[in-house]
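This report concerns only the one structure given below.
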Ligand SMILES: [Fe+2]
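In structure tokens form, the structure reads like this:
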């Protein structure tokens with residue numbers, strides 16, 4: 001069913017944000033650690049709402065059909081181990097943008113399919129997810145623009161972080 005793919009993206013997002021939170025904590029960027037913890041919690045809530053909506057409207061039980069741990073094994077290894085902090089930060093932010101763009105592509109495709117199939121219920125469930133991911137992408141891009149402008153300079157990032165747009 002169309003929602004299997006969405007559910008898989010949601011589960012992946014949960015793992016993704018959890019691992020991002022770990023890496024940023026490890027690197028000592030607590031505001032970005034908190035940003036990913038917040039996103040992780042959002043994903044968990046979103047998943048619950050989504051699964052329950054599918055059960056209510058389609059009478060189907062949404063279950064995980066593939067092994068996410070195998071699919072995505074340790075994608076982050078090497079992002080920080082061999083790099084200096086500035087390079088690691090650039091890779092992490094680029095990966096974050098890439099990840100959300102993948103999600104966006106999936107949701108856009110499924111939204112257009114729902115229109116083709118005239119499934120207005122699917123449309124109404126997918127649309128807010130797409131709106132959310134577009135907002136997330138916008139926020140990531142604005143942070144990356146600032147980081148690019150300052151060349152990912154760690155000292156500048158730390159001094160800019162308090163109460164700024166860089167916090168996310
Ligand atoms: Fe996300």
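Residue numbers (the numbering used here): 1 to 168. Every residue gets a Cβ at the ideal spot worked out from N, C-alpha and C, and that includes glycine.
Distance, Cα to Cα, residue 32 vs residue 58? 38 angstroms
Rounded C-alpha distance that separates residue 2 from residue 28: 40 angstroms
Between which two residues does the alpha helix (DSSP H) harbouring residue 27 extend? 2-27
Neighbour-count burial assignment, residue 115, 16 or more Cβ in a 10 Å radius: exposed
Terminal residues of the alpha helix (DSSP H) in which residue 138 lies: 120-149
Could you check whether residue 154 and residue 97 sit closer than 9 angstroms to each other, using their CB atoms as the reference points? no
Between which two residues does the alpha helix (DSSP H) harbouring residue 113 extend? Segment 85-116, the alpha helix (DSSP H) holding residue 113.
Cutoff 8 angstroms; reference residue 51; Cβ partners in own chain excluding five residues on either side: Hits under 8 angstroms: 7, 62.
Give the single residue among 145, 35, 39, 53 whose Cα lies nearest to the Cα of residue 126. When the alpha-carbon of residue 126 is set against those of 145, 35, 39, 53, the nearest one is in 53.
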